[in-house]
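Okay, so here's the structure we're looking at.
There are 2 protein chains.
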Amino acid sequence: MRLRGEIKRRRIIEAADKLFYQQGYQQTSFTEIAAASSLNRGNFYYYFKTKDDILRAVIQMRYQQLQSMLASWDEEFTDPKERMKHLGYFIQSQEDNLVHYGCPQGTLISELSKEQSSLYSEATELLDVVLKWLEKQFKALDYADKSSIMAMRFLAKIQGISLLANVYRNKEFLQHEICDLLAWLDKV
Amino acid sequence: MRLRGEIKRRRIIEAADKLFYQQGYQQTSFTEIAAASSLNRGNFYYYFKTKDDILRAVIQMRYQQLQSMLASWDEEFTDPKERMKHLGYFIQSQEDNLVHYGCPQGTLISELSKEQSSLYSEATELLDVVLKWLEKQFKALDYADKSSIMAMRFLAKIQGISLLANVYRNKEFLQHEICDLLAWLDKV
DNA sequence: GTCTATACGCCGATAGAC
DNA sequence: GTCTATCGGCGTATAGAC
Numbered sequence: 000m001r002l003r004g005e006i007k008r009r010r011i012i013e014a015a016d017k018l019f020y021q022q023g024y025q026q027t028s029f030t031e032i033a034a035a036s037s038l039n040r041g042n043f044y045y046y047f048k049t050k051d052d053i054l055r056a057v058i059q060m061r062y063q064q065l066q067s068m069l070a071s072w073d074e075e076f077t078d079p080k081e082r083m084k085h086l087g088y089f090i091q092s093q094e095d096n097l098v099h100y101g102c103p104q105g106t107l108i109s110e111l112s113k114e115q116s117s118l119y120s121e122a123t124e125l126l127d128v129v130l131k132w133l134e135k136q137f138k139a140l141d142y143a144d145k146s147s148i149m150a151m152r153f154l155a156k157i158q159g160i161s162l163l164a165n166v167y168r169n170k171e172f173l174q175h176e177i178c179d180l181l182a183w184l185d186k187v
Numbered sequence: 000m001r002l003r004g005e006i007k008r009r010r011i012i013e014a015a016d017k018l019f020y021q022q023g024y025q026q027t028s029f030t031e032i033a034a035a036s037s038l039n040r041g042n043f044y045y046y047f048k049t050k051d052d053i054l055r056a057v058i059q060m061r062y063q064q065l066q067s068m069l070a071s072w073d074e075e076f077t078d079p080k081e082r083m084k085h086l087g088y089f090i091q092s093q094e095d096n097l098v099h100y101g102c103p104q105g106t107l108i109s110e111l112s113k114e115q116s117s118l119y120s121e122a123t124e125l126l127d128v129v130l131k132w133l134e135k136q137f138k139a140l141d142y143a144d145k146s147s148i149m150a151m152r153f154l155a156k157i158q159g160i161s162l163l164a165n166v167y168r169n170k171e172f173l174q175h176e177i178c179d180l181l182a183w184l185d186k187v
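One line per chain: the protein sequences are A and U, in this order. Using numbering that gives the first Met the number 0, the letters of the first sequence map in sequence onto residues 0 to 187. Using numbering that gives the first Met the number 0, the letters of the second sequence map in sequence onto residues 0 to 187.
Here it is, written out as structure tokens:
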């Protein structure tokens, strides 16, 4: 049945998403994804032909989730600074995941960057969608041609904080530095 | 002969160091390291019993290189700010490697953080040695109990800049943001 | 659509001749 | 110290019965 197939497909993607995040892409095997989604290894190939196909689907799902989250803040708030602050609040709410596994976008791209994979460029779009959104907010704050560098800088701060919070498993640092980042946002 | 053995061992470590950096640890096989160091795969095990042993040796070599670099700046300059600036200059000089493969310390630890490896804690010492050095410099600048957070912040900035420069293969961003970081250092 | 059985290669690692 | 030969296991992926 069509519907049930879609549900199973979805379940595979969600299991893979979680495992890729927690263990890394290379480190995660077909067998593990199948087990996590309670699916037989053989049947697996009915839904996805290669491991790269699964990653592609995971990237696409993450992309859409990111985009709809950013869009919801655009709708809910009119002040660009308020919108960007909500990105900070969201990061703070993810402290458990962040200190254990790092930034879902940053760590994935960083991993793919080391192998010669065509998926690397697809994965960079996960950071790009955030970058473009930040740029749009800074443009709305009349940063004009400075918007691009401000967006990059904002994203770099987030990535640096995430990485150190991850390496040292330090939630306090994460919370404190994101607060600091939001204060910086008020000043600029 | 003892000496020749040490030379070969060294050659293996250097080949592994390069490959682990450029391809990642998981992604690099024994065969590749053997080929890169012009050594027979079988003979390989005379020098290292397991792949983890090689990584351990690589970490140790990187650790000593880092430490001696930092120590040389301590000797050469008396002003702590001047010392820390040289870390920035060094990063700028590494632009080619950084945009292609990211920070050698950050990317390795980030990768190991995703597997349940005892080597993770050994690898964190590669960032720790820099962190402690930075802390010492900030202490010399009378930051007292603020030294620790300042060192973390400095390191986070570097990691964020490195990651974005790597993801977007952007040397201009790297150069510009490190300049900005050094300017920040003058102000604080 | 689901399952079993299995191909095939590369992985890290070992044994043992020289 | 150096080499050849090879093991056992797990990786992705496939063929084909049901």
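No residue lacks a Cβ here, since even glycine has one placed at the ideal position from N, Cα and C.
Alpha carbon to alpha carbon, what distance is there between residue 35/U and residue 0/U?
-> Against the second sequence, residue 0/U aligns to sequence position 1. Against the second sequence, residue 35/U aligns to sequence position 36. In this prediction, residue 0/U scores a pLDDT of 48, lower than 50, which makes its location untrustworthy; the coordinate-derived value is nonetheless stated afterwards. When rounded, the distance between both Cα atoms is 22 Å.
Taking Cβ positions only, does residue 106/U come closer than 8 Å to chain A?
-> Residue numbering aside, residue 106/U sits at position 107 when the second sequence is read from its first letter. Under the 8 Å criterion on CB atoms, residue 106/U is classed as interfacial with respect to chain A.
When you compare only the Cα positions, how much space is there between residue 99/U and residue 169/U?
-> By 1-based counting over the second sequence, the position of residue 99/U is 100. By 1-based counting over the second sequence, the position of residue 169/U is 170. Their Cα atoms are separated by approximately 9 Å.
Whole-number beta carbon distance between residue 155/A and residue 105/U, since they are thought to touch under 8 Å = Along the second sequence, read from residue 1 onward, the residue named residue 105/U stands at position 106. Along the first sequence, read from residue 1 onward, the residue named residue 155/A stands at position 156. In fact, because the Cβ distance is near 13 Å, the residues do not count as touching under 8 Å.
Measure the beta-carbon distance from residue 166/U to residue 108/A and round it to whole angstroms, keeping in mind my assumption that it falls under 8 Å.
-> Position 167 of the second sequence, counted from the start, is the residue given in the question as residue 166/U. Position 109 of the first sequence, counted from the start, is the residue given in the question as residue 108/A. With 8 Å as the limit, residue 166/U and residue 108/A qualify as a contact, their Cβ atoms being about 5 Å apart.
Whole-Å CB distance - residue 32/U paired with residue 58/U, under 8 Å assumed = For the purposes of this step, residue 32/U is identified with residue 33 of the second sequence, where counting begins at 1. For the purposes of this step, residue 58/U is identified with residue 59 of the second sequence, where counting begins at 1. At roughly 15 Å, the Cβ-Cβ gap does not stay under 8 Å, so residue 32/U and residue 58/U are not in contact.
The alpha helix (DSSP H) with residue 30/U in it runs from where to where?
-> Within the second sequence, residue 30/U is the residue found at index 31, counting from 1. First-last of the alpha helix (DSSP H) with residue 30/U: 29-35.
Measuring only between beta-carbons, confirm whether residue 156/U sits less than 8 Å from chain A.
-> The residue you call residue 156/U lines up with position 157 of the second sequence. By the rule that beta-carbons nearer than 8 Å mark a contact, residue 156/U touches chain A.
For residue 40/U, does the count of other Cβ atoms within 10 angstroms reach 16, so buried, or fall short, so exposed?
-> Working through the second sequence from its first residue, we reach residue 40/U at position 41. Exposed, because fewer than 16 other Cβ atoms sit within 10 Å of the Cβ of residue 40/U.
Cβ atoms of residue 68/A and residue 16/A: under 8 Å apart, would you say?
-> Numbered from its first residue, the first sequence carries residue 16/A at position 17. Numbered from its first residue, the first sequence carries residue 68/A at position 69. No, the Cβ-Cβ distance between residue 16/A and residue 68/A is not below 8 Å.
Under 7 Å by beta carbon: chain U residues contacting residue 172/A = In the first sequence, the residue the question calls residue 172/A occupies position 173. Ordered by position in chain U, the residues that pass the 7 Å Cβ test against residue 172/A are 151.
Indicate whether at least one CB of chain A lies closer than 8 Å to the CB of residue 160/U.
-> Taking the second sequence and counting its residues from 1, one reaches residue 160/U at position 161. By this cut-off, residue 160/U is an interface position.
Closer than 9 Å, Cβ to any Cβ of chain A: which residues of the region 25-45 of chain U, in chain order?
-> For the region 25-45 of chain U, the set of positions with a beta-carbon nearer than 9 Å to some beta-carbon of chain A reads 25 and 26 in chain order.
So, does the CB of residue 123/A fall closer than 8 Å to a CB anywhere in chain U?
-> Along the first sequence, one-based indexing puts residue 123/A at 124. Yes, contact with chain U.
How is residue 106/U classed by DSSP in three states: helix, strand or coil?
-> Along the second sequence, read from residue 1 onward, the residue named residue 106/U stands at position 107. Reduced to three states, the DSSP call for residue 106/U is helix.
Residue 88/A versus 176/A, 138/A and 187/A, residue with shortest Cα-Cα distance | Walking along the first sequence from the start, residue 88/A turns up at place 89. Ranking the options by Cα distance to residue 88/A, first place goes to 176/A.
How big is the Cα-Cα spacing for residue 115/A and residue 127/A?
-> On the first sequence, position 116 is the one that residue 115/A refers to. On the first sequence, position 128 is the one that residue 127/A refers to. Cα to Cα, the separation comes out at about 20 Å.
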